[in-house]
Amino acid sequence: MNISETVPMERRRAIVVGAAGGIGSDICRRMALEGYRVVVADYNEDRAREVLRTLAGEGHDVSVFDVTKDRAVDAAFDSIEADGPASVLVVASGGAPVNPDNPHPNIATTATEDWNRGIALNLSGVFFCIRKFAQLRLARPLEHSRIITMTSGTGQLAVSPANPAYVASKAALIGLTRQVAYDLAHANITVNTIAPGVVGTPEFYRNTSEEFRAQTARSALLNRLGTPEEVGFGVVFLASPQASYITGTTLDINGGAHMH
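Each residue of the sequence shown is one higher than the one before, counting from 5 in the working numbering.
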């Protein structure tokens, strides 16, 4: 039995933002296998449609927008809602934008524009998506709704090399998760975030050396990198009825790279 099999079909609709990324695309596939109709949401339409073609089942769709633009987010979510309410929002967008002139900034060398770009992508964009989803679900309640975001292990640690905007935004996302969980508990909307460790996405393999990957794997107690599938299963669990008493928490999926 699938973990979501007890969820009525009419409520099995999920929006996955950042769906074209290495983690987001696998989340889409996992949710589709669980019987959800998935809205594959990303700013890159070509990549989003590639993901769409890999999904099992029917009733999936693509939505294209820039998460850093609040009006674009609002318009996209209104359009999605017009086709039927979604009970699950997964925001997997984000990243550490790299300035080639300063690839490893510290606090003294971070340019204001690089700071603003990182905060917009990793925090403000997530806020815009959560806010609009909350407005829709409060106006049109469902029996159970879920909000799941992606923070990072770096949001709980100070690491080097790092990016101050990335670390700060991911740490802030943990606080935002707790506050939104408090705000929406009365509506039976659970809100949680996942903190992946280093995950072996295609992009990670393209941009790193074999030596670096081996060194990174050794930093985890399980002595390996995580996989996108393992993060996807975490999302499926938090979206399921079995996770109905879990809210305001951070789920670490890091192979024991750090424990707290």
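Backbone N, C-alpha and C define an ideal beta-carbon position, used for all residues, glycine too.
Keep in mind it's a predicted model, so treat the numbers as computed, not measured.
- Taking a C-beta distance under 8 Å as the contact criterion, Asn106 and Thr113 qualify as a contact pair.
- Membership of Asn211 in the alpha helix (DSSP H) is indicated by the continuous run Pro206 to Asn211.
- The residue among Asn192, Asn258, Ile198 and Leu225 with its C-alpha nearest the C-alpha of Phe241 is Ile198.
- One alpha carbon belongs to Met154, the other to Ala189, and they sit about 20 Å apart.
- The beta carbon of Tyr170 is closer than 6 Å to those of Ala100 and Gly122 in its chain, skipping five residues each way along the sequence.
- Boundaries for Ala90: no beta strand (DSSP E) harbours it, and the DSSP string shows neither H nor E there.
- Take the alpha-carbon of Gly238 and the one of Leu255: they are about 8 Å apart.
- The three-state secondary structure of Arg16, taken from DSSP, is coil.
- The DSSP-derived three-state label of Ala199 is strand.
- Counting along the chain, Met154 sits inside the beta strand (DSSP E) bounded by residues Ser149 to Met154.
- Remark: C-beta atoms of Ile31 and Val203 do not approach each other more closely than 8 Å.
- Between the C-alpha atoms of Ala86 and Ala79 there is a straight-line separation of about 11 Å.
- Residue pairing by DSSP places Asp256 opposite Ala199 in a beta bridge.
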